[in-house]
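Engineer:
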Amino acid sequence: MNINRYLLDFDLSHIEKEYHDAIIIGSGIAGVYTALQASPDVEIAILTKESIDISSSVLAQGGIAVSLDKEDSPSLHFKDTIYAGAGLCDEKSVWALVNEAQENIEQLCYYGVNFDRKSNKELSLTREGAHSKNRIIHTKDSTGKEVCDTLIRQVRTRTNVKIKERTFVIDLLTDSTKCFGVLAVSEDSGIIKAYIAKSIVCATGGYGQLYSNTTNPVVTTGDGLAVAYRAGAELTDMEFVQFHPTVLYHPENKNFLISEAVRGEGALLVNEEGKRFMPEYHELAELAPRDIVSRAIFEEMQKTDSKHVYLDITHRSKEYLENRFPNIYSTCLRYGIDISKDRIPVAPAEHYCMGGIKTDDLGRTNIKGLFACGEAACNGIHGANRLASNSLLEGLVFGERIAKQISKECNIKESEHLQSLKNYENNEQFVIKSPSNKAKQTEGDKEGGIIINKEKANTLRATLQRLMTSKVGIVRTKKRLLDAQDKIKEIYREVIKQGNDAQEVMELINMLQLARLVVESALERTESRGAHYRSDYPKTDDIMWKKNILKVLK
């Protein structure tokens, strides 16, 4: 696949510019918390593809893992995280996560997050898969929404933070030494701007939309990873895609998550024949790591020639379920399922990407000035398989760490910063023209042939999603992966025949570039580990493969 450094031709000297200390791309918990924790002296712009309240974080139901119970400890949380990660966790990053969890939860409480509490006002703790202790704090079954709504209310009060909604980031701007800004287009006006800053933070979420059935919102097309890859950032662990075991399976909705907390509260999995099956697959049964539960469900579906299994929590009272899981209860009821009386039809769906932009334990990438946080990043916390409820926590802990870094960057003398920026104003290096980038666009100027309209792009997108689901899903083989690889290249060639500045097309290009990397990495890893399962290589091979696969654009 021929990958150009930039998606569009442009002349930086002809493009309107905005100057900030830091640009944060993405408005989930990682991005917004980073902005809040930065020094008030840091001038920040948050760029988000849709409205600020649309993100995977908002949809997170279960909660946040933190060791607060007297019988729990950071070391036990560390142990559980390492176990779930199947040998690929970075221990330094995991220690940072578990040791700094409590202070960041206290910060959320200070901001006003209304977590569920016991009668004595202590935070209420529940348990989820592969956790050895009750350590999940929550707000009913809408923890992500409560946290994000609170943080967004806070960030709107900050005079040093500007929020740019419906702003699509096309590419990162880099020179030979650092990342100094982003090229972005307003989805409303169609005008392209260059946002220039000392620090760029990529917090755009994962690449769940590569798959047909996903719990992720429609915006998670992996744009942050794709723009970073084109800029020369290292991506790692792209083959590790987590499928959540229990997603509602209904003709009208196959994307609604049935939280792991439901199993934590005693729900059992039964197959089409009404038989409980998880004890046959793992000693932890329904509370085994997600990859194991997902594969077990997949096997049971094949054995019984069914498209789903059932989650049964009918032993709990209606009153309890309405109070503990109000969102799940009301949503299922909308589809004619009373979870206090009826078993819930469920099947696995794509949920989380362990792979991402490679960072160190401070969120720094291999490109100076570029940071990554949250699901867009891969700092080694999750290894080959994420432990439940560590994702929101990661956004908090590493958002805080990045906030400290970008606050330090602001100590650079303002005169030196502005002078360095002026060096880019008329630099011929930033007159980008390449033969295959036919769409030229500067401020107020749109031209170039368009042969792929939005409808065609959406059709090809659906084709890609079906392909990834069928060939690069829960169970993989060399043949399926090679078939997927060939088809991805075929679709990509069709898309880039002639340039196009439509957002749908640029998103599709991003998705195709990432899909290729997922497939390449899955082909390369000739073993099964965590969320990556090869039926032609079903064993874990620590001698050859206890290592990460890096991808960087040459």
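Going by this note's numbering, the sequence shown opens with residue 1150, and the numbers climb by one from there.
Don't be surprised by glycine CBs; every beta carbon is placed ideally from N, CA and C.
Quick caveat, the model's predicted, so the values are computed rather than measured.
Which value, in whole angstroms, describes the spacing of the CA atoms of Lys1403 and Ile1213?
Structural biologist: 25 Å
Engineer: Among all the DSSP beta bridges, which residues are the ones paired with Ile1506?
Structural biologist: The partner list for Ile1506 (beta bridge, DSSP) reads Leu1384 and Ala1526.
Engineer: On the three-state DSSP scale, how would you describe Ser1583?
Structural biologist: With a pLDDT of 47 at Ser1583, under the threshold of 50, the predicted position of this residue should be treated as unreliable, though the coordinate-derived value follows. In this structure, Ser1583 counts as coil in the three-state DSSP scheme.
Engineer: Report all residues from its chain with a CB closer than 6 Å to the CB of Gly1593; omit the five preceding and five following residues, and keep chain order.
Structural biologist: Here the model assigns Gly1593 a pLDDT of 37, short of 50, so the residue's position is not dependable, and the following value carries that caveat. Correct list: empty, nothing qualifies.
Engineer: Nearest to Val1422 by alpha carbon, out of Trp1244, Ser1538 and Glu1449?
Structural biologist: In the sequence on display, residue 1422 carries Glu and not Val. If we check each option's Cα against that of Glu1422, Glu1449 comes out closest.
Engineer: Cβ atoms of Ala1651 and Leu1519: under 8 Å apart, would you say?
Structural biologist: no
Engineer: Runs of 3 residues minimum, wholly inside the stretch 1179-1222: which ones carry the beta strand (DSSP E) assignment?
Structural biologist: Within the stretch 1179-1222, the complete beta strand (DSSP E) runs of at least 3 residues are 1193-1196.
Engineer: Can you find at least 3 beta carbon pairs, one from the stretch 1524-1539 and one from the stretch 1221-1238, that sit closer than 8 Å?
Structural biologist: yes
Engineer: For the stretch 1397-1414 against the stretch 1361-1375, do three or more pairs of beta-carbon atoms, one drawn from each stretch, fall closer than 8 Å, so that the two count as touching?
Structural biologist: yes
Engineer: Taking the beta carbon of Arg1610 as the centre, do at least 16 other beta carbons fall within 10 Å, making it buried, or is it exposed?
Structural biologist: buried
Engineer: What number of angstroms, rounded off, separates the C-alpha of Ile1506 from the C-alpha of Ile1477?
Structural biologist: 33 Å
Engineer: For Phe1474 and Gly1413, I'd like the C-alpha separation in whole angstroms.
Structural biologist: 12 Å
Engineer: Assuming His1681 contacts Glu1388 under a Cβ cut-off of 8 Å, what Cβ separation, rounded to an integer in Å, is found between them?
Structural biologist: 5 Å
Engineer: Please name the residue, chosen from Tyr1459, Cys1297, Gly1236 and Pro1223, that lies closest to Asp1691 on a Cα-to-Cα basis.
Structural biologist: Gly1236
Engineer: Using only the alpha-carbon positions, how far apart do Leu1272 and Leu1418 sit?
Structural biologist: 29 Å
Engineer: Looking only at its own chain, which residues have a Cβ that is under 6 Å from the Cβ of Glu1656, when we skip the five neighbours before and after it?
Structural biologist: Thr1370
Engineer: Leaving out five residues on either side along the sequence, give the residues of the same chain with a beta carbon under 7 Å from the beta carbon of Val1368.
Structural biologist: Lys1198, Glu1199 and Ile1203
Engineer: Do Glu1543 and Val1390 count as a contact pair if the criterion is CB distance below 8 Å?
Structural biologist: no
Engineer: Please classify Gly1705 as buried or exposed, where buried requires at least 16 other C-beta atoms within 10 Å of its C-beta.
Structural biologist: Any property of residue 1705 remains undetermined from this structure, which presents the chain solely from 1150 to 1703.
Engineer: For the beta strand (DSSP E) containing Pro1394, name the first residue and the last one.
Structural biologist: For Pro1394, the enclosing beta strand (DSSP E) starts and ends at Val1390 to Leu1397.
Engineer: Just to confirm the assignment, what range does the beta strand (DSSP E) spanning Gly1544 have?
Structural biologist: Here Gly1544 belongs to no beta strand (DSSP E); instead the alpha helix (DSSP H) covers Ser1540 to Glu1558.
Engineer: Looking at the secondary structure, which residues open and close the alpha helix (DSSP H) in which Ala1605 lies?
Structural biologist: Checking the sequence, you will find Lys at residue 1605 rather than Ala. First-last of the alpha helix (DSSP H) with Lys1605: Lys1603 to Lys1620.
Engineer: Would you please state the rounded distance, in angstroms, between the beta carbons of Ala1245 and Val1546? I believe it to be under 8 Å.
Structural biologist: 6 Å
Engineer: If the criterion is Cβ atoms closer than 8 Å, does the pair Leu1661 and Leu1613 meet it?
Structural biologist: Cβ distance < 8 Å, so Leu1661 and Leu1613 count as in contact.
Engineer: Kindly indicate which three-state DSSP category Thr1275 falls into: helix, strand or coil?
Structural biologist: strand
Engineer: Which same chain residues, not among the five before or five after Asn1707, have their C-beta less than 7 Å away from its C-beta?
Structural biologist: The first residue shown for the chain is 1150 and the last is 1703, placing residue 1707 beyond what the model contains.
Engineer: Residues in the same chain with beta-carbon distance under 6 Å from Lys1327, minus the five sequence neighbours each way, listed in chain order, please.
Structural biologist: Within the same chain, Lys1327 has close Cβ partners Lys1517 and Gly1518.
Engineer: Can you give the Cα-Cα distance for Leu1470 and Glu1192, rounded to whole angstroms?
Structural biologist: Each residue's Cα considered, the two are about 45 Å apart.
Engineer: Looking only at DSSP bridge pairs, what is Arg1483 linked to?
Structural biologist: In the DSSP output, where bridge partners are listed per residue, Arg1483 has none listed.
Engineer: Considering just the uninterrupted stretch of the alpha helix (DSSP H) at Ala1437, what are its terminal residues?
Structural biologist: Run containing Ala1437: none; DSSP gives neither H nor E here.
Engineer: Take Ile1164 as the anchor and find which of Arg1465, Pro1687 and Ile1345 has the nearest alpha-carbon.
Structural biologist: Ile1345
Engineer: Taking Cys1238 as part of the alpha helix (DSSP H), name the residues at either end of that continuous run.
Structural biologist: Here Cys1238 belongs to no alpha helix (DSSP H), and DSSP marks it neither H nor E.
Engineer: Taking the CB atoms as reference points, tell me whether Asn1706 and Asp1320 lie closer together than 8 Å.
Structural biologist: In the structure as shown, the chain begins at 1150 and stops at 1703. Residue 1706 is therefore absent and cannot be evaluated.
Engineer: In three-state DSSP terms, what is Asn1659?
Structural biologist: Under the three-state reduction of DSSP, Asn1659 is assigned to helix.
Engineer: Which runs of the alpha helix (DSSP H), 4 residues or longer, sit entirely within the stretch 1273-1313?
Structural biologist: As far as the stretch 1273-1313 is concerned, its whole alpha helix (DSSP H) runs of at least 4 residues are 1292-1304.
Engineer: Does the stretch 1664-1674 come close enough to the stretch 1624-1643 that 3 or more CB-CB pairs lie under 8 Å?
Structural biologist: Yes: the two stretches touch, three or more of their Cβ pairs being nearer than 8 Å.
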